[in-house]
Amino acid sequence: MPPAICLRGVSKSFRRRTERDPRTLKSYLLRDLWRPRAPSGPHQVWALQDVDLTVEKGTTVGIIGRNGSGKSTLLHIMGGMLKPTTGTVRVEGRASALIELGAGFHPELTGRENVLVNGLLLGLSKREVRDRFDSIVSFAELHDSIDEPMRTYSTGMYMRLGFSVAVHLDPDVLLIDEVLAVGDLPFVEKCRERMNEFKRRGKTIVLVTHDLNTAQTWCDHAVWIHQGRVSAAGDPSMVVSAYCRGMGMAVPMAAGQAPQMLALAVTPGNEGTVWIPGATGAAAFIVATMNVGAAGVLTVSVETGAARLPLSLTICQIEPVTGARLTPPAPTFSLRVKSGETPTLGVFIQGWDRVPFDPASHRIYIHFVDEGAVTRGATSVGVATRATG
Amino acid sequence: MSGFLATATRLWNSRGVVQILIARDLKARYRGTALGFLWSFLNPLIFMSVYLLVFSVYLRIQMENYAAFLLCGLLPWTWFASALAESSRSIIDNRTLVTRSASPSEIFPLVSIGSNLLHFLLSLPVLLGLLIVFGVRPRWTLAFFPVVVVVQFLFTFGLALICASLAVRFRDLLQIMPTALNLWFFITPVFYPVTMVPPDLRPLLLLNPMAYVIDAYQSVLFYRRVPRPFEFTLVLVLAVALLAAGAWIFNARRDRFADEL
């Protein structure tokens, strides 16, 4: 079976438009029209370089990376909205992109007219649009306003209709650019449900996301794009921790995941951080075992993103037992460790479910500040974590 | 040539979308206006009245039935000018659709021309009615009318493909467009007959295909005779050549639209 998406040696460059680059008609007629411009030079910016990527049919792939790393460009290329400068792209079947939702809608036309126009432009036949119309409208929850001009719609309504049309194209490949943040909570839930249905039906999904938790729990594979190149690809947990380590950032760990050693590199005199996304159950118990390679101060802190903390939080050192601490509203627990010690910390949290839902800010940080600025080479802290939902 | 045929085939396959988009254009344009479609006829009529005042009353052009003559040239010119202005912007205006549409991008300039053509055709009954009122009864030469429309269409489409694709990169084109169309209007025999151009200068008119397109309208509608055979055939050839050139340029630039939009 051929893969759903196959990219070979894909590079994409953009011309940087500068003041010193007068794009005059004359110079164009004299030079560029007759021979293609060499894709190099000081004004050339490479958004992607030599990307080889294969997405198997029926898999869900998460693309992570920093802003401006080329994730969206990659998605645009997969969707055929951008042509690669070099390399080849092959997509099996129809791809539908959930990018710039509702961008093709005309504000003066009614929702009904726009659905028809958009559906046709995106490749449906008139009949197909008619057959799916009711489903599109009911998914977007726009029964009452479908015959109103779209300029009267709210941003959320716009997005919902755009999303609804896109998923009703019945694509073989769905390309998503962080649009799950569209609309209110019930609609987000509905979108997720729809995505899950896509997965169940064996469709291929490529998702650009900044939510590392989503990348880990929801995707079969992850790809880390860094400065236009594939830095890591494969198992989501592996790619996510590679990404975090590469960024000198915290390494997240999803709740309910099996205990895992997370290596945390600490450069001498510097700080390293591990973060663990909060568990979403009523209680969470996280055990962290640290192998400290150097003397320093180990700090565990909890962030919830909420102004007040309706949490019952216990952070304690289990082994060797030194006692417990309970310190909201800014719960932190610090511990001075000597080189070679292996302290185990337990973090017991109750009441996650009472905190306003915001997975991005539910984090437990484990920092390690290495005091031995004189130590040669890097010190590392290994953290084994178990979270129970 | 094969590229030209491929373009034509893809456009033909997208005719359903083109239809819907033209309908969208028409609906969107007049939604919320009181007079609606009538505007497409009222605007040239207002123009006609002003020209009539200036040229017939102030400048005292001696010409029988000047109002009817004006109208015969003004309506097709309005089609041409608005179609070219709109289609030049069409790729930029539809940027989000251009990159994701399953249909070829040529449909966007085509839609601009088509919707303006529809306005033109819809105002025809009014034009013919007024001609009869002015005492210019249509004759069999009216049969040439569709031919002239087709030639103008080919010419406009070719030019539109060039302007629309170049405007993506050279936005200045859109700034020049209104001025250029205004000047073009004056050098085209719309409010004066070709015969008023001094014979020595008349070969220059061949450089302006619109001159003989408009002249052909005046011939079949106002003078009620066949279009000038030599000039009109030349315009037809030019229109086809321009369309081929337009399709070629558009094709060459197509892949860069996404980067430049």
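Heads up: the sequence lines are chains G and Y, in that order. When the letters of the first sequence are read in order and numbered with the numbering used here, they come out as residues 1 to 389. When the letters of the second sequence are read in order and numbered with the numbering used here, they come out as residues 1001 to 1261. Every residue, glycine too, gets a C-beta built ideally from N, C-alpha and C. As the structure is a prediction and not an experimental result, all values here were calculated from the model.
query: Counting only beta-carbon atoms, is G/M81 nearer than 9 Å to chain Y?; result: yes
query: Quick one: is Y/Q1218 buried, meaning 16 or more other Cβ sit within 10 Å of its Cβ, or exposed?; result: buried
query: Please list, in chain order, the residues of the stretch 1003-1028 of chain Y that have any C-beta partner in chain G closer than 7 Å.; result: G1016, V1017, I1020, L1021, R1024, K1027 and A1028
query: G/H106 touches chain Y at which residues, Cβ-Cβ below 7 Å?; result: R1024 and A1028
query: Just to make sure I have the definition right: I need the residues of chain Y whose C-beta is within less than 9 Å of the C-beta of G/F139. Which are they?; result: Ordered by position in chain Y, no residue passes the 9 Å Cβ test against G/F139, which lies about 20 Å from the chain.
query: From this set, G/Y158, G/P149 and G/L212, which residue's C-alpha is nearest Y/Y1030's C-alpha?; result: G/P149
query: For Y/R1253 and Y/V1168, I'd like the C-alpha separation in whole angstroms.; result: 9 Å
query: In three-state terms, what does DSSP make of G/C219?; result: coil
query: G/T59: buried (16+ other C-beta within 10 angstroms of its C-beta) or exposed?; result: buried
query: Quick check on Y/T1281 - is its C-beta less than 9 Å from some C-beta in chain G?; result: It is not possible to answer for residue 1281 of chain Y, since the shown part of chain Y is limited to 1001 through 1261.
query: Counting contacts by CB-CB distance shorter than 9 Å, is Y/R1089 in contact with chain G?; result: no
query: Flag Y/A1258 as yes if its beta-carbon sits less than 9 Å from any beta-carbon of chain G, otherwise no.; result: yes
query: For the stretch 1099-1124 of chain Y, list every residue whose C-beta sits within 7 Å of some C-beta in chain G, in sequence order.; result: T1099, R1100, S1101, A1102 and S1103
query: Give me the Cβ distance between G/M78 and G/I176, rounded to the nearest whole Å; I'm assuming they're in contact under 8 Å.; result: At roughly 11 Å, the Cβ-Cβ gap does not stay under 8 Å, so G/M78 and G/I176 are not in contact.
query: Is it buried or exposed for Y/D1025, if we count other Cβ within 10 angstroms and need 16 for buried?; result: buried
query: Could you run through the stretch 105-129 of chain G and flag, in chain order, every residue whose CB is less than 8 Å away from some CB of chain Y?; result: H106, E108, L109, E113, L116, V117, L120, L121, L122, G123, S125 and K126
query: For Y/L1142, which residues from the same chain have a beta carbon less than 7 Å from its beta carbon, with the 5 sequence-adjacent residues on both sides left out?; result: V1220
query: Going by beta-carbon coordinates alone, are G/C219 and G/V61 separated by less than 9 Å?; result: yes
query: Do G/L82 and G/V51 have their C-beta atoms closer together than 9 Å?; result: no
query: Measuring alpha carbon to alpha carbon, tell me which of G/T217, G/N118, G/P186 and G/I63 ends up nearest G/S96.; result: G/N118
query: Measuring only the C-alpha atoms, how far is Y/Q1019 from Y/T1233?; result: 30 Å
query: Below 9 Å on C-beta distance, what does Y/D1093 contact in chain G?; result: What Y/D1093 touches in chain G: nothing, since even the nearest Cβ is about 10 Å away.
query: Could you check where the beta strand (DSSP E) with G/Q49 kicks off and where it finishes?; result: Q44 to V55
query: Buried or exposed for G/D211, going by 16 or more other Cβ atoms inside 10 Å?; result: buried
query: Check whether the stretch 151-158 of chain G touches the stretch 1134-1151 of chain Y, counting contact only when three or more Cβ pairs, one atom from each stretch, lie closer than 8 Å.; result: no
query: Taking Cβ positions, are Y/S1082 and Y/V1111 nearer each other than 9 Å?; result: no
query: Can the beta-carbon of Y/M1196 be found less than 9 Å from the beta-carbon of Y/F1080?; result: no
query: Taking Cβ positions, are Y/V1147 and Y/P1227 nearer each other than 9 Å?; result: yes
query: Looking only at its chain, what residues have a beta carbon closer than 6 Å to the beta carbon of Y/W1184, apart from the 5 residues adjacent to it on each side?; result: none
query: Could you pull the start and end residues of the alpha helix (DSSP H) that Y/G1114 belongs to?; result: I1107 to L1122
query: Below 9 Å on C-beta distance, what does Y/D1200 contact in chain G?; result: Within chain G, no residue comes near Y/D1200; the closest Cβ sits about 32 Å away, beyond 9 Å.
query: Determine the direct distance from the alpha carbon of G/G123 to that of G/V173, and round the result to whole angstroms.; result: 14 Å
query: Tell me the rounded alpha-carbon separation between G/G80 and G/D170.; result: 17 Å
query: Spatial neighbours of G/R90 within its chain, please: C-beta separation below 6 Å, excluding the five flanking residues on both sides.; result: C6
query: Is there a Cβ of chain Y sitting closer than 9 Å to that of G/A233, yes or no?; result: no
query: Anything in chain Y within Cβ reach of G/A97, meaning under 8 Å, just list it in chain order.; result: R1100
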